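Numbered by our numbering, the letters in the sequence shown go through residues 1 to 122 in order. Only one structure is covered here, and it is reproduced in the block below.
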Amino acid sequence: MMFLMHAEFCLIMESMGEKYKDFTNFLVMTGTRFGESTALTVADIDLLGKPGTARINKAWKRGGKNQFYIGPTKTGAGKRTTGLNPALVDLLIPLVAGRPSSDLLFTTPKGERIVHKLFWHH
């Protein structure tokens, strides 16, 4: 496992497009996998708990003919609840507030799922 130094994280955030900064913060602050984080729904987030939490219970998978679908996490042990620090809770409030529980938490500006190869171009 490789960890980012604070200066490296700052460089990434400086070059990151504004639309993906909250998502990038979530990835770094939780250590969750890309496919797990992009599969999160509003219902998976509890901002009222002490601490707030994210339930990691699914991930994007690639099926036949390059079709993507939401399926189980990489391993059974991958199903977990991770604590959210207060700064991350504050970032997530506007992403959760007033949205249907079935909505994906993180999306593109067009409301679609975030695709791995396109994300890294931002």
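In this text, a Cβ means the ideal position worked out from N, Cα and C, and glycines have one as well. Just so you know, these numbers come straight off a predicted model, no measurement behind them.
query	result
Touching by the beta-carbon criterion (3+ pairs, under 8 angstroms), the stretch 9-28 and the stretch 105-122	yes
Three or more C-beta pairs below 8 angstroms linking the stretch 61-69 and the stretch 77-92	no
Residue ranges of each beta strand (DSSP E) within the stretch 81-118, 3 or longer	none
Best match in Gly71, Leu4, Thr30, Phe34 for proximity to Pro51 [C-alpha to C-alpha]	Thr30
Residue range of the unbroken alpha helix (DSSP H) whose run includes Phe34	34-38
Gly71 (DSSP reduced to helix, strand or coil)	strand
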